[in-house]
Each structure stands twice: as structure tokens, then as C-alpha cells.
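Everything below concerns the one structure shown next.
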């Protein structure tokens, strides 16, 4: 009886799948036969085992006045109705993620409206009084935003309204002492787990990036930060969705001249478990060779500690962080130098 019900459910799902294919291109949705295979695995294959949160909080590195920091976090639909407990969890989590004296940028995804943007700002160190916000409210309930701490000069910022991208990226060009670069906060569509739809949006964003880099005297340093709903090749092997063939890694979509960072699973299965490798930084080769120092997910144990104190979960994602060189010699041995705000033109 149970198997017969499962077969009926499978037929119903395939019917819905066929309707989806009819409404969009195969390039966006992927091959129907592959969807059949993935659905069969979900129904009858072995169930993935969630990874429990670690309990050891790592030690903090020593301060280095040649470094800057970028943190990215999908805060799970933060709006005017956010509870006091959620705000407290975000405040405590951000306090741990942003701890230190280095100039810091924050890329945020899923800000519902102006009230949510203001609420997030108030959870920043010093209640956000020395921070600058870059945000535009829209009809989208999952807006992207950027926040800039003391020591960050914002040369320009704006929304990127790119046809075919559901959640408009937020873009800014910033200068941090001797370093300057363009940063985007993005959230690729989830589309009920359709990786091809996420990849299609990413290709549109990367086409914009490459067009900007092709301009005369362009600044070659770009960072794309956010929730991609796609894994790296290694990150897929560490994820609960590792058995889904159609969940293609970022390396299949990004092309030359850029690198995808962060292999750690960053989404969550319930409150106490880690699930999938969704959140990343994509950086251009010039930034990779010159300014980049390191990138990794913020320790889940750090965030879990903040959540236990607040009594609720901050988000269904963990934040990620990058350290970059703002002065001195870069990874290539050359002094870090300003290229100019070409994306502001």
C-alpha cells in the first residue's frame, strides 16, 4: 500500500515537473529525465544524515592592521514583524561574526523592506550608528543589502536591475585604505531546488561583471557575495543534497577568470543540524592574486552559542567571512594599490 501511494505521488510530481518545463526553457530547468532520477532517489534512496552542530568555538586570530573583512549572511526574511528574540539572535550572532577592529563590510540577503533594513542596522556594533546602509526597498520580499563599517569609503552604490534575475543584486564600489573593489550582495533564485534556474541567474550576473571588466581602465577587483543555492564541487560532497545529480556545482557555470570560495555547508536542517553548501564568495583573478587572504564559514558553534543565549534561531543559514589585504604586500608580493571606481561611471 505504501509503495503504491509513493508511485502515485511520483506520477503527480512528474506531471507538475512537465508543467514547469512547459513554462520555461530546458536550459533553465534541466533535463526531465534527470529530474525523474533525482525524485526517485528522494523517494526510495537512502536518506541523507544531517550533520550536528559542532560545540567547540575556535580561538580568535590576533589583530592585524593591514587587513579588512567582508561578512555575508542570509538572515531569512527580516522585516517589520521580526520578533525581539530573532533580532537578539542576529545581534549576538553578528557580534561574534564581526568581532575585531578590522574595517568590515556586511552583505545581507533576504531583507523584506525598509523596516527590516533598519532593524538589521540596529543589531550592528554600536547599534549601527557608525555604519552606512545601502538598500532600496522593492516589491521583492527578499531584497539584498550592503552595510559598511567605519574605515570603509563608499564610492558609489546602487541596485542592479538585471532582466532574468529575480532578486536584484546590490552593488557598491568601496575603498579601504589602499585597496578598492566592487562588491555585490546577491541571492540566486531557489526555484524549488531547480539548480539550472539558479545557474541561469548567475550567468546573467557574471555577464554584467565581464562587461564591466571590459571597459577602459576598469578596476579588475570584484567580489560577489551571498546565497547561491548552488554548491562548489567539493561542497556538494559535504552536503545533504550530494546525491542529486542535477544540483550542479558552481564550477560548471562560472567560466574562466573567477573562483568560487567556501566549501563548508552553510544552510541548516532544523535548528541543530548543518545541511547544504549554498553560501559563497566569487572573486575575480586579480582580487584572488592580490588582496585575498582567506575565506571560510563562520563557525556554526559561534552562531549556536549566540542563539542559545537569545532562545531562538537567527536564520536558516550560517554567515561566511572573508579577510582581505588593505595595505602592504598582496599575495603576489606587490603592494596593494587603488585601481579606481570604474563601476561608478
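Residue numbers (our numbering): 8 to 352. Ideal Cβ placement from N, Cα and C applies to all residues, glycine included.
Of all alpha-carbon atoms in 173, 332 and 116, the one lying nearest the alpha-carbon of residue 81 is that of 116.
The shortest CA-to-CA distance from residue 207 to any of 237, 122 and 137 is the one to 237.
Listed in chain order, the non-local C-beta contacts of residue 92 below 6 Å within the same chain comprise 317, 318 and 319, local neighbours out to five positions each way being set aside. From the listed residues 121, 97 and 335, the smallest Cα separation to residue 87 is found for 121. Counting along the chain, the unbroken alpha helix (DSSP H) around residue 292 starts and ends at 292-297.
Annotated three-state conformation of residue 122 is helix, per DSSP. With respect to residue 227, residue 291 sits close: the two C-beta atoms are nearer than 9 Å. Cβ-Cβ separation between residue 114 and residue 232: approximately 4 Å, consistent with a contact (criterion under 8 Å). Rounded to whole angstroms, residue 274 and residue 100 show a C-alpha spacing of 15 Å. In this model, residue 106 and residue 197 are separated by some 31 Å (Cα to Cα). With respect to the 9 Å criterion, residue 152 and residue 193 are not classified as neighbours on the basis of their beta carbons. Residue 229 and residue 156 have their C-alpha atoms roughly 19 Å apart. Nearest in C-alpha terms to residue 288, of all of 213, 125, 138 and 90, is 213. Residues 187, 224 and 226 of the same chain have their beta carbon placed closer than 8 Å to that of residue 347, with the five preceding and five following residues left out of the count.
In this structure, residue 331 places its C-beta atom within 9 Å of the C-beta atom of residue 77. The Cβ-Cβ distance between residue 270 and residue 241 falls below 9 Å. In chain order, 333 and 334 place their CB closer than 6 Å to the CB of residue 184, counting only its own chain and leaving out the 5 sequence neighbours on each side.
Rounded to whole angstroms, the separation of the alpha carbons of residue 272 and residue 341 is 34 Å.
Under the 10 Å beta carbon count, residue 144 is surrounded by fewer than 16 other beta carbons and is classified as exposed. Beta-carbon to beta-carbon, residue 313 and residue 103 are separated by about 6 Å, close enough to satisfy the 8 Å threshold. With respect to the C-alpha of residue 154, the residue from 98, 146, 96 and 79 having the closest C-alpha is 79. Note on the stretch 220-298: whole beta strand (DSSP E) runs with a minimum of 3 residues are 229-234, 265-268 and 286-291, in chain order.
CA-to-CA, the gap between residue 149 and residue 123 works out to about 10 Å. Counting along the chain, the unbroken beta strand (DSSP E) around residue 191 starts and ends at 186-194. For residue 162, the enclosing beta strand (DSSP E) stretches over residues 160-166.
Under the three-state reduction of DSSP, residue 106 is assigned to coil, being neither helix nor strand.
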